[in-house]
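Below is one structure, written out as structure tokens, with a few remarks after it.
Residue numbers (this note's numbering): -14 to 294.
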């Protein structure tokens, strides 16, 4: 089981804070550092000093880390045009020596679009644009050197693109698609994704979502393997008092966290992660909300990850 650290910088974090978490992620032996792609805080926090851009952040971390993979859960297709996005991700992949994962979704948070002047079409159009972006971005990356790439879609058109720069590997970074949709999401995952992620759902719901994607893969006669993963908020403590202290720090209740996330003692986390493993998940993204608490990461590394290896 691979454990990855997943952060939500829009809730309030500087680049230096993210760097300290990424370095701890690497030093403690976690597999990857991921971040959300949001421009507006959520809930009862100030969000200060303000948002940081996902791919600018990952470009910096690409030069300041050596081993961990770097990625997004999930880049919003509404935020960027597909051509420039393909360039940015390929460049960060080169800067990292091929350690980038590309998580991408439709975008869903209307208020952040309104706050920063980003168009927010209806859901059907967002899915249409997401699929065209997937076709374009993977097509640009996989175009053989010296050839050009063309695309004619309902929303985007490309003519004689040199399809540069290239990522490190010929197929490009692994593509992650996530969500809980019953029809369009499984089809897109089966068609384009290397990994399918279920964010913040209980084990029964996660099992059902995995099953829909497996069925979509079978319907397409897909032969290449799919990685199945889950994202869960994490709140771990050596005893109940420490669990409660960490829950209080993120404004959550311990019973709710135990019900809807990974909360409790290290052994409780090991047991629940084991239930996700039984469903076929081989990667868990640990949503860490208190980015100042690096001791939390150390506890998980030494008392949880060590028991799962």
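Glycine included, each C-beta is placed from N, C-alpha and C at the ideal position.
Residue 295, DSSP secondary structure in three states
Because the chain is modelled from -14 through 294, residue 295 falls outside the range shown and cannot be assessed.
Starting from residue 146, trace the beta strand (DSSP E) in both directions and tell me its first and last residue.
Mapped onto the chain shown, residue 146 falls at position 161. Counting along the chain, the beta strand (DSSP E) containing residue 146 begins and ends at 142 to 146.
Who does residue 163 pair with in a DSSP beta bridge?
Here residue 163 is taken as the residue at index 178 of the chain shown, counted from 1. 182, per the DSSP bridge assignment.
Around the Cβ of residue 60, are there at least 16 other Cβ atoms within 10 angstroms (buried) or fewer (exposed)?
Residue mapping note: residue 60 aligns to position 75 of the chain shown, counting from 1. Its Cβ being crowded by 16 or more others within 10 Å, residue 60 is buried.
What is the DSSP secondary structure of residue 291, reduced to helix, strand or coil?
Translated into positions along the chain shown, residue 291 becomes position 306. Of the three classes helix, strand and coil, the one that applies to residue 291 here is helix, per DSSP.
Out of 245, 85 and 69, which one is the CA nearest neighbour of residue 156?
What you label residue 156 is simply residue 171 of the chain shown in a count that begins at 1. Among 245, 85 and 69, the Cα nearest to that of residue 156 is on 85.
Starting from the C-beta of residue 106, find all residues in its chain whose C-beta is less than 6 Å away, skip the five residues before and the five after it, and write them out in chain order.
In the chain shown, the residue the question calls residue 106 occupies position 121. Result list for residue 106: empty, nothing under 6 Å.
Simplified DSSP state of residue 0, which is helix, strand or coil
Here the question's residue 0 lines up with position 15 in the chain shown. Here residue 0 sits in helix by DSSP.
Using a threshold of 8 Å, state whether the C-beta atoms of residue -11 and residue 19 are closer than that.
Within the chain shown, the letter at position 4 stands for residue -11. Within the chain shown, the letter at position 34 stands for residue 19. Closer than 8 Å, so yes.
Closer than 8 Å by C-beta to residue 17: which residues in its own chain qualify, once you throw out the five before and the five after it? Chain order, please.
Stepping through the chain shown from its first residue, residue 17 is reached at position 32. Taken in chain order, the residues that qualify are -13, -11, -10, 10, 53, 54, 55, 56 and 86.
Report the rounded CA-to-CA distance for residue 254 versus residue 1, giving the unit in angstroms.
Locating residue 254 in the chain shown gives position 269, where the first residue counts as 1. Locating residue 1 in the chain shown gives position 16, where the first residue counts as 1. Distance between the alpha carbons of residue 254 and residue 1: 29 Å.
Unbroken beta strand (DSSP E) run spanning residue 268, endpoints
Taking the first residue of the chain shown as 1, we reach residue 268 at position 283. First-last of the beta strand (DSSP E) with residue 268: 268 to 273.
Less than 8 Å between C-beta atoms, sequence neighbours within five positions excluded: which residues of the same chain meet that for residue 118?
Here the question's residue 118 lines up with position 133 in the chain shown. Same-chain partners within the cutoff: 62, 67, 70, 89 and 141.
Since I believe residue 286 is in contact with residue 13 (beta carbons under 8 Å), could you give me their beta-carbon distance rounded to a whole number of angstroms?
Taking the chain shown and counting its residues from 1, one reaches residue 13 at position 28. Taking the chain shown and counting its residues from 1, one reaches residue 286 at position 301. With 8 Å as the limit, residue 13 and residue 286 qualify as a contact, their Cβ atoms being about 4 Å apart.
Could you have a look at residue -8 and say whether DSSP puts it in helix, strand or coil?
Against the chain shown, residue -8 aligns to sequence position 7. Here residue -8 sits in strand by DSSP.
Measuring only the C-alpha atoms, how far is residue 129 from residue 122?
The count along the chain shown starts at 1 and reaches residue 129 at position 144. The count along the chain shown starts at 1 and reaches residue 122 at position 137. The alpha-carbon atoms of residue 129 and residue 122 are separated by roughly 14 Å.
If you reduce the DSSP assignment to three classes, tell me which class residue 155 lands in.
In the chain shown, residue 155 corresponds to position 170, counting from 1. Three-state DSSP puts residue 155 in coil, outside helix and strand.
Under a three-way DSSP split, which group does residue 233 fall into?
To locate residue 233, count along the chain shown from 1; it is residue 248. Assignment of residue 233 by DSSP, reduced to helix, strand and coil, places it in the helix class.
Close Cβ partners of residue 135 (< 8 Å) along its chain, the five nearest in sequence each way excluded:
Taking the chain shown and counting its residues from 1, the one referred to as residue 135 is at position 150. Only 143, 144, 145 and 146 meet the Cβ criterion.
Can you check which of these residues, 126, 229, 160 and 181, is closest to residue 281 by C-alpha distance?
Here residue 281 corresponds to residue number 296 of the chain shown, with the count starting at 1. Among 126, 229, 160 and 181, the Cα nearest to that of residue 281 is on 229.
List the DSSP bridge partners of residue 213.
Reading the chain shown from its first residue, position 228 is the one you call residue 213. BP columns for residue 213 point to 181.
Kindly confirm or deny that the segment 71 to 81 and the segment 96 to 103 touch, where touching means at least three C-beta pairs closer than 8 Å.
no
Just to check my reading of the structure: residue 259 and residue 29 have Cβ atoms closer than 8 Å, yes? What is that Cβ distance to the nearest angstrom?
Counting from 1 along the chain shown, the entry for residue 259 is found at position 274. Counting from 1 along the chain shown, the entry for residue 29 is found at position 44. Not really, about 34 Å apart at Cβ, beyond 8 Å.
Which listed residue (188, 33, 210 and 149) has its alpha carbon closest to that of residue 176
What you label residue 176 is simply residue 191 of the chain shown in a count that begins at 1. Taking the Cα of residue 176 as reference, the smallest distance to any Cα among 188, 33, 210 and 149 is reached at 210.
Thinking residue 247 and residue 195 are a contact (beta carbons under 8 Å), I'd like their distance in whole angstroms, please.
The residue you call residue 247 lines up with position 262 of the chain shown. The residue you call residue 195 lines up with position 210 of the chain shown. For residue 247 against residue 195, the beta-carbon gap comes to about 18 Å, at or over 8 Å, which does not count as contact.
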